[in-house]
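Below is one structure; the comments refer to it alone.
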Amino acid sequence: MIHSAIILRTGDGLTLTSSADERNQDTIQEGHKKYLKLLAKNVKKLDNKCFINLGPSNLYFIKNLDIMTYIAIVDVRYPTTLSICFLKEIQNEFSGKYDARDIANMRRPYSCIEFNEDILKMIKRYNRPQSLTTRIDLQEINKELQGDPLKQLTLYDLEPKPVIHHTNHRKTSSSHAKPSDNLFAVGGNLKTGVGALSRL
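Start counting the sequence shown at 13; every next residue gets the next number (the numbering used here).
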């Protein structure tokens, strides 16, 4: 089943709205708060379609044009295809109600809180897969995932990486060097690339 969904602004990780299945609202939000905070801080550096295993749950997310990020936390047994289909349907509904200019001008968290009712309706629909009628072609989602698989991330991929400064010393021949050239430092930043990801 789908436990919850969150919509972020990708550039700064601002949460614009969220909604959760009524049976899981408190436990899911508390249990995955750390992952969600880390994801919000680092999402703009991550791939467009990822997931991360959270033990009994999976966290999926998709990004749209580096403007919005749509997240779902689902039961680990819930099908990946339906999870992505759910996120794409949220993306279509949300982008139909809010344009990029409106989103860019939003300053406060949960500026789109009214959209949580739309999310909750979709969660209820997708939690009854036997009778589910989607607005997204499931076969197309399957083909997309086969051609461009989701990247799996770990908590390590979400955590900020320390910047390491190296100072290298090189000796030069005193007969050919000025006093100021005998010792110099080269400082550099080692950046660790962020891996691929996953789910809310």
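Built from N, CA and C at the ideal position, the CB exists for glycine as well.
{"Query": "Need the endpoints of the alpha helix (DSSP H) that Q151 sits in, please.", "Result": "150 to 159"}
{"Query": "For L66, is the classification buried or exposed, using 16 other Cβ atoms within 10 angstroms of its Cβ as the cut-off for buried?", "Result": "buried"}
{"Query": "Relative to the C-alpha of Y110, which residue among C124, A17, K61 is closest?", "Result": "C124"}
{"Query": "Do L162 and K61 have their C-beta atoms closer together than 8 angstroms?", "Result": "yes"}
{"Query": "Based on the DSSP output, what are the partners of S31 in its beta bridges?", "Result": "A17"}
{"Query": "Compute the distance between the beta-carbons of V86 and S69, then report whether it is under 8 angstroms.", "Result": "yes"}
{"Query": "Tell me the rounded alpha-carbon separation between L144 and M118.", "Result": "34 angstroms"}
{"Query": "Could you check the C-alpha separation between N154 and M134 for me, to the nearest Å?", "Result": "20 angstroms"}
{"Query": "Whole angstroms are fine: how far does the CA of R120 sit from the CA of F63?", "Result": "27 angstroms"}
{"Query": "Which of the three DSSP states is assigned to C62 in this structure?", "Result": "strand"}
{"Query": "Count the other C-beta atoms from every protein chain shown that fall within 10 angstroms of the C-beta of L221, then say buried if there are 16 or more, exposed otherwise.", "Result": "Limits of the chain in this structure are 13 at one end and 212 at the other, which puts residue 221 out of reach."}
{"Query": "Consult DSSP for R211 and reduce its assignment to one of helix, strand or coil.", "Result": "Here R211 scores only 39 on pLDDT, less than 50, and its place in the model is too uncertain to base an answer on."}
{"Query": "From V167 to K56, what does the alpha carbon distance come to, in whole angstroms?", "Result": "Correcting the residue type first, residue 167 is Leu in the shown sequence and not Val. Their Cα atoms are separated by approximately 16 angstroms."}
{"Query": "Once DSSP output is grouped into helix, strand and coil, what is the label at M118?", "Result": "coil"}
{"Query": "So what does DSSP say about T81, is it helix, strand or coil?", "Result": "strand"}
{"Query": "Would you kindly work out how many angstroms separate the C-alpha atoms of Y122 and D160, rounded to a whole number?", "Result": "32 angstroms"}
{"Query": "On the DSSP letters alone, give me the boundaries of the beta strand (DSSP E) that Y110 sits inside.", "Result": "Per DSSP, Y110 belongs to no beta strand (DSSP E) and is neither H nor E."}
{"Query": "For I115, which residues of its own chain have a beta-carbon under 8 angstroms away from its beta-carbon, when the five flanking residues on both sides are left out?", "Result": "R21, L28, I79, M80"}
{"Query": "Along the chain, where does the alpha helix (DSSP H) that runs through Y90 open and close?", "Result": "Counting along the chain, Y90 falls outside any alpha helix (DSSP H), and DSSP gives it neither H nor E."}
{"Query": "Label L77 either buried or exposed according to how many other C-beta atoms from any shown protein chain fall within 10 Å of its C-beta, with 16 as the threshold for buried.", "Result": "exposed"}
{"Query": "Verify whether the separation of the beta carbon atoms of Y72 and M13 is less than 8 angstroms.", "Result": "no"}
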